[in-house]
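Data block below; observations after.
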Amino acid sequence: MPRKKTKDQSSFKFSMDLTGENKIILENLSQNYSLKTGPMINHIIQTFCGISGSAKEALEKNLMSEYHRLSEEIKNTKDEFHLQRITEERQRYADMLQMINAGKFKFPKCEEYGNMKKIGLQDGYLLIPADWIVVNPEAASSCSYAAVLECRNSAKYGVPHFVYLNNYKYAGEYTKEMESDFYAGCVKKWAKFKEIEELNQSKDIDLSAPLIGIFSLTVQNEEEININDLPYGATIITYQK
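Heads up: the sequence shown is residues 3 to 243, going by the working numbering.
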């Protein structure tokens, strides 16, 4: 029989079944917080399920970062035992992301098509070569645009293309803070980038030295997709509204 909904939203009493392990956890929490069981449950729900604002954004960003890190680890893990452990760990992050989003969190998709990959964004998707490195994939669900970092003499120095997801449509809108964050992300993904950055800032720079440039990706409507004339076929596709 379905549970009757309470008319008075200020208070609602009901019984629940807990596992022995969860009962111990709840009792310990109640004791440490000096709260009775009911208020403790309310506090847990409000703290996690009711989280909002900057606190939610910060938590979601960190959870997504770990989720993507483990996803990459899963791709490179052959051992079945470790694969199961990593998969279970990633699921815990997925559960927390669902929990703080009322059970409706939509995970950004990253699909590979031959030598290209497709990454879901806030209102469309990013299409880039499969070997380009996205430095902040955890931001995909809250971003609409992307910046690309290219380096002159990249073949000589082995510098890959890097992508930074953001909400600035044009390169002229990029801030110094965003640029610094982009560079820091590049170093995190590819430690040698620090050396490239230092060479780029050298006063003795010449034509054989690396020269960093940051550009915005072209945005297209999904009804008018044309990647033939775009560098590397990289673009952002927005959904038809």
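Glycine included, C-beta positions come from ideal geometry on N, C-alpha and C.
All values reported here derive from a predicted model rather than from experimental measurement.
Residue i versus residue j - alpha carbon distance
i: G209; j: K190; result: Note that residue 209 is Leu in the sequence shown here, rather than Gly. The straight-line gap from Cα to Cα measures roughly 27 Å.
i: V136; j: Y127; result: 13 Å
i: T8; j: K15; result: Note that T8 scores a pLDDT of 48, beneath 50, so its modelled location is shaky; the value from the coordinates is reported in the next line. Using only the alpha carbons, I get a separation of about 9 Å.
i: I53; j: Q86; result: 30 Å
i: Y170; j: E197; result: 27 Å
i: A157; j: K77; result: 26 Å
i: Y185; j: S36; result: 46 Å
i: F107; j: L61; result: 13 Å
i: F50; j: Q124; result: 23 Å
Spatial neighbours of residue i in its chain, beta-carbon cut-off 7 Å, leaving aside the 5 residues before and after
i: E75; result: I88
i: E140; result: K63, M66, S67, H70
i: P212; result: C153, R154, N155, Y159, V161, I198, L201, N202
Top-ranked residue by Cα proximity to residue i, from the options
i: M118; options: F107, A132, Q124, L213; result: A132
i: N223; options: L213, T237, F217; result: T237
i: E199; options: S143, T177, E152, Y170; result: E152
i: M98; options: A142, I46, G122; result: I46
i: F195; options: G174, K178, P162; result: P162
i: S12; options: N44, N34, S218; result: N44
i: T177; options: A193, I216, W192; result: I216
Beta-carbon proximity of residue i to residue j, cut-off 8 Å
i: L28; j: M18; result: no
i: T220; j: L232; result: yes
i: L129; j: A148; result: no
i: F164; j: C188; result: yes
i: S32; j: K38; result: yes
i: R94; j: S73; result: no
i: A142; j: I121; result: yes
DSSP state of residue i mapped onto helix, strand, coil
i: V137; result: coil
i: A57; result: helix
i: P41; result: helix
i: Q124; result: coil
i: Q86; result: helix
i: M18; result: coil
i: N30; result: helix
i: K171; result: coil
i: T49; result: helix
i: V161; result: coil
Beta-carbon proximity list for residue i, same chain, < 8 Å, skipping 5 on both sides
i: P4; result: For P4, the pLDDT reaches just 48, beneath the cut-off of 50, and the residue's location in the model is therefore unreliable, although a value from the coordinates is still provided. Within the same chain, P4 has no close Cβ partners at all.
Spatial neighbours of residue i in its chain, beta-carbon cut-off 6 Å, leaving aside the 5 residues before and after
i: L20; result: none
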